[in-house]
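Colleague:
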Amino acid sequence: MDMKQIYTQIVMEHARESAHRHDLADATDSERGHNPSCGDDITLHIKREGDRIEALSFTGHGCAISQASTSLLCELVEGKRVDEAKEAIETFLAMIKGEEEDDDVLEEQLGDAVALKDISHMPQRVKCAVLAWRTLNDMLEKENEEK
Numbered sequence: 687m688d689m690k691q692i693y694t695q696i697v698m699e700h701a702r703e704s705a706h707r708h709d710l711a712d713a714t715d716s717e718r719g720h721n722p723s724c725g726d727d728i729t730l731h732i733k734r735e736g737d738r739i740e741a742l743s744f745t746g747h748g749c750a751i752s753q754a755s756t757s758l759l760c761e762l763v764e765g766k767r768v769d770e771a772k773e774a775i776e777t778f779l780a781m782i783k784g785e786e787e788d789d790d791v792l793e794e795q796l797g798d799a800v801a802l803k804d805i806s807h808m809p810q811r812v813k814c815a816v817l818a819w820r821t822l823n824d825m826l827e828k829e830n831e832e833k
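Residue numbers (my numbering): 687 to 833.
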């Protein structure tokens with residue numbers, strides 16, 4: 687099986703079923719992300735303890751790309767410090783823009799989320815892929831401003 691098939695399988699598995707698709711009863715914050723051009727609509731729920739993301743989940747609906755990307759984001763940053771999550775967000779956005787192409791760096795910092803690398807070649811799907819990442823970034827920025 688080649689890497690493209692593996693990546694496609696990862697995306698489809700995360701789109702169909704995610705352990706992170708649920709309300710988070712003890713969330714410390716929630717943030718809605720909406721893409722009016724295609725109808726993707728998610729809400730991220732975060733539980734932070736100090737500078738650590740203890741839990742991250744999501745609710746909502748959208749295309750397979752947005753749902754898989756949101757699931758992959760939750761899986762990647764749960765348990766990480768906020769600065770680590772922000773670094774992952776920056777790397778992901780750089781990958782989608784085609785600014786970061788080093789596979790070793792991408793795999794180390796993004797894990798399975800590197801499966802969305804080829805989205806950069808499909809401009810109409812970029813907004814779908816980055817919705818959750820931008821939403822989490824906005825949430826973390828807002829929380830830092832409130833401190």
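Virtual Cβ for every residue (Gly too), placed ideally from N, Cα, C.
Keep in mind it's a predicted model, so treat the numbers as computed, not measured.
A741 lies in the alpha helix (DSSP H); which residues open and close that run?
Modeller: A741 -> not in any alpha helix (DSSP H); beta strand (DSSP E) instead, spanning R738 to H747.
Colleague: Among G736, G797, A754 and H731, which residue has its Cα nearest to the Cα of S743?
Modeller: S743 has its Cα closest to that of H731, out of G736, G797, A754 and H731.
Colleague: Using the C-alpha atoms, what's the distance from E761 back to A771?
Modeller: A771 and E761: Cα-Cα distance of roughly 11 angstroms.
Colleague: Tell me where the beta strand (DSSP E) around D727 begins and ends.
Modeller: Residues D726 to E735.
Colleague: Just how far apart, CA to CA, sit I782 and V812?
Modeller: So the two alpha carbons sit approximately 7 angstroms from each other.
Colleague: Output the boundary residues of the beta strand (DSSP E) element that contains E764.
Modeller: First-last for E764: undefined, no H or E at that position.
Colleague: To the nearest angstrom, how far is it from the Cα of D712 to the Cα of T745?
Modeller: Going by the C-alpha atoms only, they are around 15 angstroms apart.
Colleague: Buried or exposed: where does H700 fall if 16 or more other Cβ atoms within 10 Å of its Cβ makes it buried?
Modeller: That one is buried.
Colleague: Going by beta-carbon coordinates alone, are A780 and G719 separated by less than 8 angstroms?
Modeller: The answer is no: Cβ separation not under 8 angstroms.
Colleague: How far does the beta strand (DSSP E) with D715 in it reach, from first residue to last?
Modeller: Per DSSP, D715 belongs to the beta strand (DSSP E) from D715 to N721.
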